[in-house]
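*Asks:* Next up is a structure, given as structure tokens.
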Amino acid sequence: MSDEGFLILADISGFTAFVTATELQHGAEITGALLEAVMHRLAPPLEIQELEGDAVFAIGPEGTVDSRVIPNALMDAFRGFKEVQSRMALDDSCSCGACRATAQLNLKLIAHHGRFVRQVVGGHARVAGPDVILAHRLLKNPVDADGYLLFTEPALERAGVDPVASGMERRLLSYAHLGEMPCFVADPEPGWEPTFTESTHAEAAVGAS
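Just so you know, the sequence shown maps onto residues 1 to 209 in the working numbering.
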């Protein structure tokens with residue numbers, strides 16, 4: 001039986017260049033602290049599914065989370081990332097390459113809403129399905145920014161957010177075998193806030209039928 005819910009990815013921009021050009025120990029400590037900050041802001045309300053190198057994958061199954069809190073949860077994760085990053089950048093106790101390059105990192109967050117199935121493979125729990133694949137593919141997109149929030153149309157509809165009133169930029173993305181997906185991008189740096197529609201889905205509330 002399949003489930004339905006939010007599929008969230010938080011990915012550190014500039015991660016590969018950072019870890020390959022900086023000191024191993026400090027580089028790993030820095031990225032670990034940043035990812036931990038993101039995880040703590042996402043869960044709760046979300047369920048952390050997996051830590052994928054430079055990204056956190058989380059889900060929000062129907063009936064376990066109020067859909068209306070998702071946009072602000074993502075903004076909270078971005079703020080948590082920036083707070084830890086700022087503290088590290090201001091720490092002048094170490095002048096290694098990793099510590100000096102911390103400010104070059106950024107965070108992009110992807111939110112999709114779709115169906116998935118839960119599996120146990122080799123003793124490890126995971127979720128799978130076309131919507132899970134799409135959520136990950138959305139990390140590869142033409143958005144010309146290092147830090148942003150990207151919501152698919154199904155995610156915004158489920159959360160009850162008006163993308164136009166929220167000042168979001170529309171993008172129509174297309175992926176092989178998955179088709180086209182309307183998406184909306186927000187710049188979190190100025191402190192983006194979602195504008196909810198007057199008729200927010202009644203079923204968005206936890207436990208609604």
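Where a beta carbon is used, it is the ideal one built from N, C-alpha and C, also for glycine. From a predicted model like this one, the values you see are computed outputs, not experimental measurements.
1) Tell me whether Ala169 sits in a helix, a strand or coil according to DSSP, three-state version.
2) According to DSSP, is Glu36 helix, strand or coil?
3) Give me the residue from Phe116, Pro44, Asp76, Phe196 with the minimum Cα distance to Ala159.
4) Below 6 Å CB to CB, which residues in the same chain sit around Gly114 once its five sequence neighbours on both sides are set aside?
5) Report the residue from Thr31, Leu74, Glu4 whose alpha carbon sits nearest the alpha carbon of Gly14.
6) Figure out for me which residue from Phe78, Gln119, Asp3 has the closest Cα to the Cα of Ile110.
7) Please work out which residues of its chain come closer than 7 Å, Cβ to Cβ, to Met168, disregarding the five sequence neighbours upstream and downstream, and give them in chain order.
8) Helix, strand or coil: how does DSSP classify Ser199 here?
9) Rounded to whole angstroms, what's the CA-CA distance from Ser93 to Arg87? Just pull it up for me.
10) In angstroms with no decimal places, state the Cα-to-Cα distance between Gly207 and Pro71.
11) On the three-state DSSP scale, how would you describe Met1?
12) Helix, strand or coil for Asp11, going by three-state DSSP, please let me know.
13) Which residues does DSSP list as the beta-bridge partners of Ile133?
*Replies:* So, from the data block:
1) Checking the sequence shown, residue 169 turns out to be Glu, not Ala. In this structure, Glu169 counts as strand in the three-state DSSP scheme.
2) In this structure, DSSP gives Glu36 a helical state, which the three-state scheme calls helix.
3) Ranking Phe116, Pro44, Asp76, Phe196 by Cα distance to Ala159 puts Phe196 first.
4) Excluding positions up to five away in sequence, the list reads Asp131.
5) Nearest to Gly14 by alpha-carbon distance, out of Thr31, Leu74, Glu4, is Thr31.
6) Among Phe78, Gln119, Asp3, the Cα nearest to that of Ile110 is on Phe78.
7) Result list for Met168: Phe184, Val185, Ala186, in chain order.
8) For Ser199, the predicted model reports a pLDDT of 46, less than 50, meaning its position is unreliable; a value from the coordinates is still stated below. Three-state result, Ser199: coil.
9) One C-alpha to the other measures close to 12 Å.
10) At Gly207, the pLDDT of 42 sits below 50, so the modelled position is not reliable and the matter cannot be decided from this model.
11) In the structure shown, Met1 sits in coil (DSSP, three-state: anything other than H, G, I, E or B).
12) Strand.
13) Its beta-bridge partners do not exist; DSSP assigns none.
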